[in-house]
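First to last, the protein sequences are chains A and B.
At position 235 of the first sequence (counting the first as 1) the number is 235 in our numbering, and the numbers step up by one without a gap.
One rule links them: number in our numbering = place in the second sequence (from 1) + 1000.
Note that CB positions come from ideal geometry on N, CA and C, so glycine has one too.
The structure under discussion appears below in the form of C-alpha cells.
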Amino acid sequence: MPNQLVVDLSRLQFGLTAAFHFIFVPLTIGLIILVAVMETLYRRTKDEMYREMADFWGKLYAINFVLGVVTGITMEFQFGTNWSEYSKFMGDIFGIPLAIEALLAFFLESTFFGIWFFGRERWPQLRALSAWMVALGTNLSALWIITANGFMQHPVGYKIVEIDGRKLIHLENFWEVFFNPNVWWMLVHTILASYIVGSFFVLGVSTYHFLKGVSGRKREFFERSFRLALTMAVLATLLTAVTGHFQGVNVARTQPATAAAFEGIWEGGKGVPFHLFSIPVPSQEKNILECCPIPYLGSLLYTNNPFGEVKGLKDFPAEDRPPVAVVTWTFRLMVGLGLYFLAVAVYAWWKYRKGGLEALERSPKLLKALLYTIPLPYIAAWLGWGAAEFGRQPWAVYGLMRTSEAVSPVSVGDVVFSLVGLTFFYGVLIVADIYLLSKFAKEGPHLEEAPGKGISGRPVEA
Amino acid sequence: MPEQALPVIWYVLWVVLWVVYFVLDSKTLGLGTLFPFLARNEREEAALQEAVGPFWDGDEVWLITAGGATFAAFPLTYAVMFSALYVPFFLLLFALFYRAVGLEFMSKVKDPGWHNAWRWAFTVASFLVILLLGVAFANLFYGLDFDASGNKTTLFTLLNPYGILGGLTFVTLALLSGTIWGAFKVSGELEKRLEGYAHTLWVVALALFSIYMVATANRASHLLANYNQVPVLYVIPALALLLLLLVKPLLSRGAQLGAWLATSGTIALLLVTGFVGLFPNMLYSRTAPEASITAYQAAASPLTQTVMLGVALALVPVVIGYQFWAYKKFSERKIDVEEAKGYGA
Chain A
1 MPNQLVVDLS RLQFGLTAAF HFIFVPLTIG LIILVAVMET LYRRTKDEMY
51 REMADFWGKL YAINFVLGVV TGITMEFQFG TNWSEYSKFM GDIFGIPLAI
101 EALLAFFLES TFFGIWFFGR ERWPQLRALS AWMVALGTNL SALWIITANG
151 FMQHPVGYKI VEIDGRKLIH LENFWEVFFN PNVWWMLVHT ILASYIVGSF
201 FVLGVSTYHF LKGVSGRKRE FFERSFRLAL TMAVLATLLT AVTGHFQGVN
251 VARTQPATAA AFEGIWEGGK GVPFHLFSIP VPSQEKNILE CCPIPYLGSL
301 LYTNNPFGEV KGLKDFPAED RPPVAVVTWT FRLMVGLGLY FLAVAVYAWW
351 KYRKGGLEAL ERSPKLLKAL LYTIPLPYIA AWLGWGAAEF GRQPWAVYGL
401 MRTSEAVSPV SVGDVVFSLV GLTFFYGVLI VADIYLLSKF AKEGPHLEEA
451 PGKGISGRPV EA
Chain B
1001 MPEQALPVIW YVLWVVLWVV YFVLDSKTLG LGTLFPFLAR NEREEAALQE
1051 AVGPFWDGDE VWLITAGGAT FAAFPLTYAV MFSALYVPFF LLLFALFYRA
1101 VGLEFMSKVK DPGWHNAWRW AFTVASFLVI LLLGVAFANL FYGLDFDASG
1151 NKTTLFTLLN PYGILGGLTF VTLALLSGTI WGAFKVSGEL EKRLEGYAHT
1201 LWVVALALFS IYMVATANRA SHLLANYNQV PVLYVIPALA LLLLLLVKPL
1251 LSRGAQLGAW LATSGTIALL LVTGFVGLFP NMLYSRTAPE ASITAYQAAA
1301 SPLTQTVMLG VALALVPVVI GYQFWAYKKF SERKIDVEEA KGYGA
C-alpha cells in the first residue's frame, strides 16, 4: 500500500501544476482565434490597423504561449514521475492521445508560431496562414488532451489483461476511445470556455483604455478590438451554457455519482427537483440547507426528461463517492459565473448596438465591470475543471483504478522537493508574466500617426 | 508482421525521436550556455536570439514527442524511467522552464536588473538542460541501480565518473553545435567571433569524445556485446569520430552548414552507439542485470503499437516536411546584426 502522504502530496502537486498550466492554456486557445481573425481582416482589407491589432494582441499572446509550453511539459512528465503505477496500468491507451497531441498539435503550433512571430515582417503573405495554423494546433491540442482525460472519466474501447500477475488495460478499439461520448461535449464546452477567457481579456484591456479616455486612432484600435471580442463573447457565453447542459446529461449517464454530487442529490428517484441553493454535508448524508426547489428541473437537466430517473449519492457506497461539498461548490460557482458572463456580454452588446461606443463610455460602471471581469473566466475555467476532476474521485480511472493505487513508489522527500521547487519556480514565472502582461496591456499599441505607410517604413515591434 | 517485430521497430523509432531532439536542441542549448560571453551588446544579443528564436520551441516538441512515444509504445519503460530518475527529471523541468522563458523575457523590459536576471536564467538553465540530459543518457547506457524490489538510483548515483564524463561530452558537443549554428545564421564581426569559438571548442570536443569512447570500452563493457557479435556495427562510432574530425576542415573552408551537420551527425551517432549497445534493453540494471527491462517486456499491446505506427508513418513525414520548410525559409538570408530585433519589446 503506498504511503498516504505521497498520495496526498502527489495529488496536490498535480492539481497545482494543472491549475498553473490552465492559466495560460485557455487564453492562448481563445486569443489566437481573435488574432487570426485580425490577420484575415488585414489580408482582406489591407487596412494597416488590423495588422497593428494582430501585432499588439499577438504580443500578449506570445508571452502566454511560452508559459503554456513550459508548464505543459510538467504535465506530461508527472504521469511518469508521480503516477508511474497509473502509467503502467494505463499506458497502453493513455499514451496514444498524448503522443498524437505532440505530433498533430504541438509541432503545428510551435513551428507556425515561429513563422508568424519572426516572419511577419518578411513574409506578410504568410501572416494569416501561420496564425490560423497556430490556432488549429492549439485547438487540436485540446481535442487530444480531452480524449486522454475522457478515457479517465469514462473508459471505453479497452479490455483488462493479466500479465505476470498484474492487471493492465489494453486497447481493444481505438475508434471507441476516440469517439468516447464523454469527450465531445466536454471538448466543445472547454474550448468555448477558453473563448470566453480570450474574449473577456480583450474586452477588459480595451475598456481599460476607454476608461482612460483614449482618442484618435488608438480609440478606433480598441473599439475594433472590442467589437470583435464582444461578438465572440456573446456567441461563446451562449454556446458554453448550451454545451454545458449536454455535458451534464453525459455526466449523469456515465458518472452518476458525480452528477449527484454536482447538485447535492442524496436520494435518487424520478422527477427530481432542482434547488437554487443547497449546502450538502457529507458526514450527515444530507443537505443542511435547501432552498427554492423547482420541481422536475433536476431530472430535466440531467436526463432531458422532467420525469427521468436520477441517481442519488446514497445509491453509492460511501467510499465510491466524490468529495461532495467540493464538487457541489465548484460546479455551482462555475455555473453562476457562466450566467454572469452571459448577462454582461449580452448587456454590453445590446448597449453597444443601440448607442455605439459613446453609450458605453457614458456608463463607466459597465466598462469597469468588464475590466474587473478579466480574471473571472479563468476562475470559472478552474472551477469547471475542478468539478470534473474532483467529481471523478476516488477514481483515477473511473471504476477501474483508484487514485491511491496510481501513485509512484517514490519517497515523501522526493515529492516535497518537487512540490517546493515547482511552487517556487512557478511563483517567479507567474509574477513575471502578470507584470509583463499588465505592462504591455496598459501601454497599448505604438500606432503610426499617419497610417498606410506600409511595412517597411514602420518601426518594428516584436 | 511477426509480433516480435513491432517492439524492434518501436525501439528504432524511440531512438530516432531522442536523436532528433538532441541534434536539434543542442544548438539552442549550446548558444544559450555561451550567450552572455558571445554577445557584446544588445544588437548582437538580438541577432543570437533570432538565430534560435523561431526554432527552439518546435525542437523541444521532439522531446515532448519522445516522452509521449515512450509512454504510448513502452509504458513500462516510461513509468520506471521517469520515477527512477525523479529528482533529475524535475531539475530538468525547472531548467527547461527558465531556458525558454529566459530567452523570451530578457529583452522585453529595458531594465538592467530584469535583463541580467533573465539572461543568466537562460544561460544557467541551458547549461543544466544539456548537462542533465547528457548525464541521464550516459547513465542509461551505463546502467541504473534497480532490482526486482525497486529503484535505488538517486541523483548521487547518477553523478558517477562515467555519467559526468558523458554529460560533459554532450555539453561540449552542444557548445560546438551552438557556435557553428550561430556563425551560420549571423553575419559580420559576430560571425567571425563565433567561428573562433568553434575552432577552440572543436579541440575540447574531440578530446572529450575520445576519452568518453575509451571509458565506454573499459567501464561499460556490457555495451560491447552486440558489437562483438556483429562487428560491422563498429562503423557507427567510427563514423561519429570521422564526422567530428571533418568539422574543423569544413569550418576552415567556410562550409558552416556542413560543419553544423557534421557536428549533429557526431551527436546523433554517439547516441546511436549507446542505444545499439543497450539493445534489446531499454533500462539496463547495473546492480542486477537480470532485472533489466527489455523492449519486448516494456512494449505496449501489439494493437497500440500498430495504431501508433500508423499515426507516426502518417504524421512524422508531414511534421518533418513543414519543419524543414521553416528552417529553409529562415535560412534564405543571414541575420544582419544591425537589423536584428530578437524578442525586444
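Under 8 Å, Cβ to Cβ, is there at least one residue of chain A near residue 1064/B? yes
What is the rounded straight-line gap between the Cα of residue 1220/B and the Cα of residue 1140/B? Rounded to the nearest angstrom, the two C-alpha atoms are 11 Å apart.
Could you run through the region 1316-1337 of chain B and flag, in chain order, every residue whose CB is less than 8 Å away from some CB of chain A? 1316, 1319, 1322, 1323, 1326, 1329, 1330
As a quick exercise: from 1028/B, 1088/B, 1074/B, 1106/B, pick the residue whose alpha carbon is nearest that of residue 1303/B. 1074/B
Backbone secondary structure at residue 47/A - three-state DSSP: coil
Closest residue to residue 294/A among 10/A, 271/A, 312/A, 313/A (Cα-Cα distance): 271/A
Which residues mark the beginning and the end of the beta strand (DSSP E) in which residue 1299/B is found? Element bounds for residue 1299/B: n/a, residue is neither H nor E.
Starting from the N-terminal side, write out each stretch of the alpha helix (DSSP H) that is 4 residues or longer and does not extend beyond the region 98-167 of chain A. 107-119, 127-153
Could you tell me the distance, in whole angstroms, from the CA atom of residue 1058/B to the CA atom of residue 110/A? 5 Å
Spatial neighbours of residue 204/A within its chain, please: C-beta separation below 7 Å, excluding the five flanking residues on both sides. Within the same chain, 370, 371, 373, 374 come within 7 Å of residue 204/A by CB-CB distance, once the 5 residues on both sides are set aside.
Bridge partners - residue 292/A, DSSP secondary structure assignment: DSSP lists no partner for residue 292/A.
Show which residues of chain A have a CB atom less than 9 Å away from the CB atom of residue 1304/B. Contact note: residue 1304/B reaches chain A through 91, 92, 93, 95, 96, 170, 171, 174, using a C-beta cutoff of 9 Å and chain order.
Mind checking residue 33/A: buried by the 16 CB within 10 Å criterion, or exposed? buried
Does DSSP put residue 1088/B in a helix, in a strand, or in coil? Shown here, residue 1088/B sits in a helix according to DSSP, grouped into three states.
So, using beta-carbon positions, are residue 1335/B and residue 1076/B closer together than 8 Å? no
Beta-carbon of residue 88/A versus every beta-carbon of chain D: anything under 8 Å? Absence of chain D from the displayed structure is noted, the protein chains being A and B.
Taking Cβ-Cβ distances shorter than 8 Å, what residues in chain B pair up with residue 436/A? 1105, 1108, 1109
Beta strand (DSSP E) segment containing residue 470/A, residue limits: This structure leaves residue 470/A out entirely; chain A is present only between 1 and 462.
List, in chain order, every chain A residue whose beta-carbon is nearer than 9 Å to that of residue 1057/B. 65, 66, 69, 106, 109, 110, 111, 113, 114
Rounded Cβ spacing between residue 408/A and residue 1177/B (contact assumed at less than 8 Å): The Cβ separation is near 34 Å, so there is no contact.
Express the C-alpha separation of residue 1267/B and residue 384/A in angstroms, rounding to a whole number. Those two C-alpha atoms are separated by around 46 Å.
Which residues in the same chain as residue 457/A place their Cβ atom closer than 8 Å to its Cβ, once the five residues preceding and following it in sequence are excluded? Low confidence applies here, because residue 457/A scores a pLDDT of 41, under 50, leaving its location unreliable and the question unanswered by this model.
Alpha carbon of residue 73/A to alpha carbon of residue 1252/B, nearest angstrom: 40 Å
Whole angstroms is fine: what's the gap from residue 14/A's alpha carbon to residue 429/A's? 18 Å
Note down the Cα distance separating residue 69/A from residue 103/A, rounded to an integer number of angstroms. 15 Å
Pick out whichever of 112/A, 332/A, 258/A, 147/A has its Cα sitting closest to the Cα of residue 36/A. 112/A
Would you say residue 1023/B lies against chain A (beta-carbon separation less than 8 Å)? no
Is there contact between the region 219-234 of chain A and the region 250-270 of chain A, where contact requires at least three CB pairs shorter than 8 Å? no
Would you please verify whether the beta carbon of residue 1075/B is less than 8 Å from any beta carbon of chain A? yes
In whole angstroms, what is the alpha-carbon distance linking residue 1241/B and residue 1234/B? 11 Å
Neighbourhood of residue 426/A by C-beta distance below 6 Å, restricted to the same chain and skipping five residues each side: 20
Using only the alpha-carbon positions, how far apart do residue 1181/B and residue 1202/B sit? 14 Å
Rounded to a whole number of angstroms, what is the C-alpha to C-alpha distance between residue 1230/B and residue 1290/B? 23 Å
From residue 179/A to residue 1145/B, what does the alpha carbon distance come to, in whole angstroms? 42 Å
Just to make sure I have the definition right: I need the residues of chain B whose C-beta is within less than 7 Å of the C-beta of residue 8/A. Which are they? Those within 7 Å of residue 8/A in chain B number zero; the least Cβ separation is about 17 Å.
Just how far apart, CA to CA, sit residue 1333/B and residue 1167/B? 34 Å
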